[in-house]
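The opening residue of the sequence shown carries number 31 in this note's numbering; numbering runs sequentially from there. Backbone N, C-alpha and C define an ideal beta-carbon position, used for all residues, glycine too.
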Amino acid sequence: MQTMATCRALATRGHEVTLVVRPDTSRPARDPFAFYGIDRPSSLTIRTIGGAPGPTARRVRFLIEAALAARAARSVVFTRDLGLAALLLALPGPTVRLVYESHGLADVVSAELPRLLGRPELAPSPAKLARLARREARVWRRAPAYVTITAHLADELRGRFGERPRVFVVPDGGPTPETTPPAAPAADGVVVGYAGHLYPWKGVDVLIEALAKLPAVRGLIIGGHPAEQDRRRVEARIDALGLGSRVELTGQLPPADVAGRLAAASILVLPNTSSAISERYTSPLKLFEYMALGRAIVASDLPAIREVLTHDVDALLVPPGDAAALAGAIETLAADPALAARLGAAALARAAAFTWEARAERLEAALEAAAA
């Protein structure tokens, strides 16, 4: 969704945008903009390249064709693909007008994800991690403009690879908040909502443990495909704690339906656990969606989250992984509707700085730097 929403926001600001994709990444088969409920202006087109048998061949062909297309068009290239960025910058001749957007140090993320997923067999070799670090260093040194989604990530890159000009911190975005957010739910009990992935590091297990401590509170968890191991894990934990009657696990919903379901909650939760990805590299889309709804938010007290939220100003922040603290914050808001309303109103006002349009405006500085 981040890619489609960013492209759409840039196009609506007057830019001609071409989204270049591989055939095997255009899932679902229909227009990905329609899938996410995002209208596509006429100035935004989709180009599919790199068709070939086998995933490795498709990847190689995509890189080659994308590099040739970028060189021929002389357009500004904006990519999150480190391999493509490195290839473009290695081409002979004039430097490609490239903006690379980093969502985390490549070797750190590659090493941490298998552990977080509980899949140690997927751990990359030390040699591969070293190659990723060298590749990122080259892109850091040579890219005309470099974007990070958090300030902490920018600081980490500088600390590892040295200073460089034209580094832009551009967080993710969310919907434009309504002047009047959805009405508060009817007074039939407190509902705590969560939307997103069910990966262990997202902290859904911590939320379930917290709900077990709050017998008067109901839970709404949006996310999880029936075939996913993570959904089965979450379902088992809900059943083990006897919460089936008051915690609803909806599974995946059409993106256009998520906000409406979340509006039924009086408190929204972002319970990320502590990891490099959560602490320094995350700019959660669901956080900005929460803020645009004007609901009270309880979130993990992590550096990347503190770049957006301030404790007791527009949210309550609690130690990551601490179910008791999370339960305590939920209980505090449930017992103090005035506090919940104040925090929700402050989050709603803050949301205006984190819309997709605001993200596109920030990105323009990076695009202009690369084009200069």
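Cβ-based burial, residue i [other Cβ within 10 Å; buried from 16]
i	result
E208	exposed
T36	buried
S72	exposed
E131	buried
A353	buried
R262	exposed
G123	exposed
D344	buried
L98	exposed
P201	buried
L121	exposed
I360	buried
A382	exposed
For residue j and residue i, believed in contact at Cβ under 8 Å, the rounded distance
i	j	result
L146	Y229	7 Å
L40	L315	Actually they do not touch by this definition, with Cβ atoms about 17 Å apart.
A334	H182	6 Å
G114	V126	The sequence given here places Leu at residue 114; Gly does not occur at that position. Contact flag wrong, Cβ pair sits at about 10 Å.
G203	F318	6 Å
V234	I297	About 15 Å; that fails the 8 Å criterion.
R194	R171	7 Å
L128	R165	That pair is no contact at about 14 Å.
Opening and closing residue of the beta strand (DSSP E) in which residue i lies
i	result
S330	A326 to S330
E46	Element bounds for E46: n/a, residue is neither H nor E.
F65	No beta strand (DSSP E) holds F65; the alpha helix (DSSP H) holding it covers P62 to F65.
I76	L74 to T78
V277	V277 to G281
E131	L128 to S132
I297	I297 to L300
The alpha helix (DSSP H) enclosing residue i, as first and last residue numbers
i	result
V175	The sequence as given places Ala at residue 175; Val does not occur at that position. Per DSSP, A175 belongs to no alpha helix (DSSP H); it is in the beta strand (DSSP E), A175 to T178.
I307	A306 to R310
V107	Segment V107 to T109 is the beta strand (DSSP E) holding V107; no alpha helix (DSSP H) there.
A289	P285 to L292
R261	Q259 to A270
G113	L112 to A120
Proximal residues to residue i (C-beta, below 6 Å), its chain only, five neighbours per side dropped
i	result
T78	V51 and P53
V138	A306
A153	P144
F63	M34 and R70
L300	L317 and A329
Y320	L298 and I327
T312	A334
Same chain only: Cβ atoms within 8 Å of residue i, ignoring 5 sequence neighbours per side
i	result
L369	A326, T362 and L363
R291	G223, A225, L250, I252, T280 and L283
A355	V348 and P349
G67	P284, P285 and A286
E387	A39, T42, R43, G203 and T206
D331	H341, L347, V348, P349 and P350
L273	I238, L241, A242 and G249
Cβ shell of residue i (< 7 Å), same chain only, five flanking positions each side left out
i	result
L159	D137, S140 and A141
A167	F191
I76	L49 and V51
M31	Y66, P285 and L315
F92	R52, I79 and G80
A401	V106 and R127
L162	A136, D137 and S140
Heavy atom of the ligand SAM within 7 Å of residue i beta-carbon
i	result
L283	As presented, the structure is devoid of all ligands, the ligand SAM included, so that no description of it is given.
Where are the alpha helix (DSSP H) runs, 4 residues long or more, that stay fully inside the segment 196–253, in chain order? Qualifying alpha helix (DSSP H) stretches, in chain order: 234–242.
Runs of alpha helix (DSSP H) wholly within the segment 323–390 (minimum 4 residues, chain order): For the segment 323–390, the continuous alpha helix (DSSP H) assignments of 4+ residues that do not extend past its boundaries occur at 333–336, 353–365 and 367–381, in sequence order.
In the segment 141–187, which residue ranges form an unbroken beta strand (DSSP E) of at least 3 residues, counting only runs that do not cross its ends? Correct list: 175–178.
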